[in-house]
Amino acid sequence: MHFQWYPGHMTKARRMMQENIKLIDLMVELVDARVPYSSKNPDIDELARNKSRLIILNKADMADAQVTKEWEAYYKEKGFFVAKVNSQKGTGIKEVKKLIEEACREKKERDRKRGILNRPVRAMVAGIPNVGKSTFINSFAGKACAKTGNKPGVTKGKQWIKINKNVELLDTPGILWPKFEDQEVGLRLAWIGSIKEEVLNTTELAVELLGFLKEQYPGVIRERYGVEEEAEPVQILEKIAEIRGCLMKGNQVDVEKAGLLVLDDYRSLRLGQISLERPEKSAETV
Ligand code: G4P
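Everything in the sequence shown is counted per our numbering, starting at 1029 for the first residue and increasing by one.
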């Protein structure tokens, strides 16, 4: 599932988006609730100009609930419809349906004024790789999804999943590209394991993460690893390696192995629900 982005990939993805956006009324944009700024595509505002916009804070089960609330308020204030979702479990999907109904009402009203009746609202799902687009579509469209699945012999073309009498969803999600130029963004996307980007090596990634945790979630490192948090992050990692028996030949501590362990612990929620950015700190430019 990991993507290595090259200019060619980006051009192709952009072209696909431009073609499909013409067909829709509502853009359902998935972001990762742990990094709602870093996982948000910078060009979508331009691409989806004049469309109704719904932001899904997906993987909400992995994020800090309090911080997710702040993001919800933040994007609402910017004029988006916003929902928190766990696509794996289907939590929040009902709310999404309600919000789409709301968005539909606005559109239907506009249609009615122009004399257009009974045209369903067409929507598409888009987001950067690994944000949960397929999982969300399955959860959202439920059984309807299976009907339009890849049947042999069906001509390739745009397939619309009929959600109900008001809404149709494009069955293929739009793939968006991340903000490449921002190192901080690269770092956060690497922390969540979303995109294989060689921003830093494993050890450095883990050291940076420990630094972040120590600052933003004091007590988490101590609780998980039994290591005091006053030391520098590099020393904390060495200590974790020691305690967890990550050793190389000659009994030297293997910090790279310990780094992998820390990253894996974070990504598997063994450090708890932790958000990596807050609206006021990271989103001035959203
Ligand atoms: P994509 O289409 O945007 O590329 O993403 P996809 O649906 O393939 O989801 C990427 C990974 O994220 C999958 O895990 C998926 O199960 C997981 N995921 C999606 N939504 C949620 C969510 O709301 N909460 C949590 N916790 N996870 C979510 P995977 O490890 O790649 O596959 P698998 O272990 O589920 O088989």
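Where a beta carbon is used, it is the ideal one built from N, C-alpha and C, also for glycine.
Bear in mind the structure is a predicted one, so any value in this text is a computation, not a measurement.
Remark: C-beta atoms of Ile1072 and Val1110 do not approach each other more closely than 9 Å. At least one heavy atom of the ligand G4P lies closer than 8 Å to the C-beta of Ala1088. If you check the C-beta of Pro1206 against the ligand G4P, you find no heavy atom less than 8 Å away. For Gly1036, the uninterrupted alpha helix (DSSP H) run begins and ends at 1035-1049, by DSSP.
Under the DSSP assignment, Ser1167 falls in the alpha helix (DSSP H) whose first and last residues are 1161-1169.
In the structure shown, Phe1109 falls within a strand segment according to DSSP collapsed to helix, strand and coil.
The DSSP assignment places complete alpha helix (DSSP H) segments of no fewer than 4 residues inside the region 1187-1239 at 1211-1219, in order along the chain. For Ile1083, the three-state secondary structure derived from DSSP is strand. Between the ligand G4P and Phe1240, a heavy atom-to-CB distance of less than 8 Å is absent.
Contact check for Ser1066 against Val1290 fails: the beta carbons are separated by 9 Å or more. Only residues of its own chain outside the window of five on either side were considered, and among them Arg1252, Leu1299 have a CB closer than 7 Å to the CB of Asp1293, listed in chain order.
DSSP links Met1055 through a beta bridge to Arg1081, Met1152. The beta carbon of Glu1257 sits closer than 6 Å to those of Lys1242, Ile1249, Arg1250, all from its chain and outside the five residues before and after it, given in chain order. Here Ile1203 is buried. Its C-beta has 16 or more other C-beta atoms within 10 Å. CA-to-CA, the gap between Ser1296 and Gly1143 works out to about 52 Å. By DSSP's assignment, Val1281 forms a beta bridge with Leu1275. Distance between Pro1064 and Ala1131, taken at the CA atoms: about 22 Å. In the structure shown, Asp1092 falls within a coil segment according to DSSP collapsed to helix, strand and coil. Shortest gap from the CB of Lys1161 to any heavy atom of the ligand G4P: under 8 Å.
Taken atom to atom, the span from the alpha-carbon of Trp1205 to that of Asn1194 is near 30 Å. Residue range 1121-1141 is occupied by the alpha helix (DSSP H) that includes Ile1121. Three or more Cβ pairs closer than 8 Å define a contact, and the region 1039-1048 falls short of that threshold against the region 1088-1096. Non-local C-beta neighbours of Lys1136 in its own chain, meaning closer than 8 Å and more than five positions away in sequence, comprise Val1149, Asn1194, ordered along the chain. Nearest to Ala1218 by C-alpha distance, out of Gln1046, Val1056, Asp1060, is Asp1060. Leaving aside the five residues that flank Thr1231 on each side, the residues in its chain whose CB is nearer than 6 Å to its CB run, in chain order, Val1283, Glu1284, Gly1287. For Val1248, the uninterrupted alpha helix (DSSP H) segment begins and ends at 1248-1253.
Taking the Cα positions, Val1113 is about 32 Å away from Gly1036. Per DSSP, Glu1260 lies in no alpha helix (DSSP H) and is assigned neither H nor E. Apart from the 5 residues on each side of it in sequence, Gly1118 sits with its Cβ closer than 8 Å to the Cβ of Ser1167 in its chain, given in chain order. Take the alpha-carbon of Lys1161 and the one of Arg1140: they are about 32 Å apart. As the crow flies, the alpha-carbon of Lys1068 is around 12 Å from that of Val1056.
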